[in-house]
């Protein structure tokens, strides 16, 4: 069978071949083809094979191809024991949580705080962002690599960070705002300042100040307020503007802020079929979910969606309050418990809207550990090396 030539894009990955490199005789397209079939955790170790392999594996083209070729959806858990002495990231198959699990331990800080449980941003293309007070770190749960970004340009100690991906420039970016610590309340007259952006992997990169023409104040992250959502190159997060709730959008390509007026003052943001939506926590009646879906941000257009989930209360049990987590890549609607601290196995409810079927998925990986936990859906494993 005649081998089809790869696009010229691959050629940009080559370094000047080392004469002593025994792998230099292998055609580049064949190396890429082989690497795309290697399990993610094993790819990272292959960078030591040769300079050529290092160039290929660390290149943006290969990472993009790898994520497309080998990206079955996974669950990613950030887990903290009740005393904060045990911390780890745990990932497993989203379809069958009992299979293909992977754990990375986190070294606890000397003065660990409980609000550090909510210091993670949702994972983006295999990477995750964690904020520890005024420090911001980027990590790869698959390889275990963590890098700390340079210090922010600010005298304030209160910092909020958001993590996103610019698909046009193939760039991971962190947006940071500074606030007066202890003043993040709806009635406060204080607003966020020092809006700064950091682009991962750019040579001699520093924090860059960006202009924000819309004074606003995001609330302190907790299990009630997530750390934003990144969809199609835009970061969305809830904030207060003059005592009223609003949806803030930050375009990661143009690096411009905009404000979208909310149809109702609801702070919970979810991904609903690829669009940002707001929803209240289910109360009393556990079978219905009501959403406001943003159809057009420029026109400030929203649509209302109501969904009835059969057998949700029977599957979840009477003692569990639930929150709607949005839709995943396979189209199912996901519900997870309010409380993340108990000794019972963690579970979530998956609802197939087309087939009108709901099922309970149990994760038994944490034993009888008393823990605080957050779970993220549609995580993917990436061999990418974080470079600052």
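In the working numbering, the protein residues as written are 2 to 389.
Heads up, the beta-carbon is just placed ideally off N, CA and C, and yes, glycines get one too.
Which one or two residues does DSSP pair with residue i in a beta bridge?
i	result
residue 229	In the DSSP output, where bridge partners are listed per residue, residue 229 has none listed.
residue 138	131 and 149
residue 93	76
residue 236	231 and 251
residue 88	81
residue 103	92
residue 218	241
Measure the CB-CB distance between residue i and residue j and report whether it falls below 9 Å.
i	j	result
residue 1	residue 240	Any property of residue 1 remains undetermined from this structure, which presents the chain solely from 2 to 389.
residue 267	residue 293	yes
residue 169	residue 181	no
residue 154	residue 166	no
residue 137	residue 162	yes
residue 300	residue 258	no
residue 280	residue 312	no
residue 327	residue 378	yes
residue 74	residue 271	no
residue 92	residue 102	yes
residue 132	residue 389	no
residue 90	residue 104	yes
residue 81	residue 122	no
residue 45	residue 57	no
Expressed to the nearest angstrom, what Euclidean distance is found between the alpha-carbon atoms of residue i and residue j?
i	j	result
residue 376	residue 303	28 Å
residue 288	residue 323	10 Å
residue 65	residue 95	21 Å
residue 30	residue 69	17 Å
residue 143	residue 78	12 Å
residue 306	residue 27	55 Å
residue 274	residue 129	22 Å
residue 285	residue 43	Residue placement at residue 285 is flagged as unreliable, the pLDDT there being 49, under the threshold of 50; a coordinate-derived value is accordingly withheld.
residue 147	residue 242	35 Å
residue 315	residue 265	30 Å
residue 403	residue 209	In this structure the chain extends from 2 to 389, so residue 403 is not present and cannot be described.
residue 238	residue 347	27 Å
residue 35	residue 47	12 Å
residue 256	residue 211	7 Å
residue 232	residue 201	18 Å
residue 380	residue 157	33 Å
residue 276	residue 51	43 Å
residue 386	residue 260	34 Å
residue 159	residue 218	12 Å
residue 139	residue 97	27 Å
residue 382	residue 193	34 Å
residue 88	residue 374	10 Å
Report the three-state DSSP secondary structure of residue i (helix, strand or coil).
i	result
residue 296	strand
residue 29	helix
residue 174	strand
residue 315	helix
residue 401	The first residue shown for the chain is 2 and the last is 389, placing residue 401 beyond what the model contains.
residue 41	helix
residue 208	coil
residue 70	helix
residue 254	coil
residue 242	strand
residue 285	Any answer about residue 285 is weak, because its pLDDT of 49 lies below 50 and its placement is not dependable; what the coordinates show is given next. The answer is coil: DSSP assigns residue 285 none of H, G, I, E or B.
residue 51	coil
residue 202	coil
residue 377	strand
residue 383	coil
residue 361	strand
residue 165	strand
residue 270	strand
residue 389	coil
residue 36	helix
residue 159	strand
residue 191	coil
residue 305	strand
Comparing the C-beta of residue i with each C-beta of chain D, is any distance below 9 Å?
i	result
residue 246	In the displayed structure, chain D is absent; only one protein chain is listed.
- Query: Counting only runs that start and end within the stretch 327–358, where is the beta strand (DSSP E) found for 3 or more residues in a row?
  - Reply: 334–338 and 347–353
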